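Per this note's numbering, the very first residue in the sequence shown carries number 50; after that it's consecutive.
Ideal Cβ placement from N, Cα and C applies to all residues, glycine included.
For clarity, every value in this text was computed on a predicted model and none was experimentally measured.
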Amino acid sequence: MKRRLATVIGLVMAAFMVAVIAQSNAAGEWNITATGAQGTTTSTMTLEQDGETLTGTLNLAEGGSMALKGMISGNAVNFSGEMDAGGTPIELVVTGTLDGDELTGTYEMGEFASGDYTATRTQ
Numbered sequence: 050m051k052r053r054l055a056t057v058i059g060l061v062m063a064a065f066m067v068a069v070i071a072q073s074n075a076a077g078e079w080n081i082t083a084t085g086a087q088g089t090t091t092s093t094m095t096l097e098q099d100g101e102t103l104t105g106t107l108n109l110a111e112g113g114s115m116a117l118k119g120m121i122s123g124n125a126v127n128f129s130g131e132m133d134a135g136g137t138p139i140e141l142v143v144t145g146t147l148d149g150d151e152l153t154g155t156y157e158m159g160e161f162a163s164g165d166y167t168a169t170r171t172q
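Pasting the structure below:
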């Protein structure tokens with residue numbers, strides 16, 4: 050009896066976790082506000098999702114764009130990209146938490162910039 054109950058509880062928990070993971074969807078168009086020591090900037094981002102894999106493009110406020118790749122697990126999001134700044138490669142590393150149409154977290158661009166961001170899905 051205890052073994053059967055443990056099996057049922059395990060199956061219910063597994064089904065719940067699958068449902069939670071399936072509900073997390075980061076795909077879409079995003080407006081981003083990033084704040085750091087350099088001040089506040091805005092940019093846009095497009096993300097596509099295939100299972101737990103994220104790909105997309107970050108359109109920088111200063112012009113130019115950056116290809117992104119990353120992962121989503123539950124509501125935890127992380128992605129990165131690299132750009133060339135006058136011959137110097139700069140890697141962007143982003144972590145965050147997805148809550149419906151809002152993504153919040155931190156970003157780091159090596160020694161050049163770091164801070165917090167909030168992104169709001171527009172589509």
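Item	Value
Once DSSP output is grouped into helix, strand and coil, what is the label at D165?	strand
Pop quiz: G105 and S73 are said to be a contact at Cβ under 8 Å. What is the actual Cβ separation, rounded to whole angstroms?	Incorrect: roughly 15 Å between the Cβ atoms, too far for contact.
Going by C-alpha distance, which of L152, E97, V143 and T91 is nearest G112?	T91
Let's test the definition: count the other Cβ atoms within 10 Å of the Cβ of E160 and tell me whether it reaches 16, buried, or not, exposed.	exposed
So, do the stretch 152-168 and the stretch 130-141 have three or more beta carbon pairs nearer to each other than 8 Å?	yes
Assuming the contact rule is C-beta atoms closer than 8 Å, I121 and L103 should be a hit. Round their C-beta distance to whole Å, please.	6 Å
Give the straight-line distance between the Cα atoms of L109 and M132, rounded to the nearest whole angstrom.	11 Å
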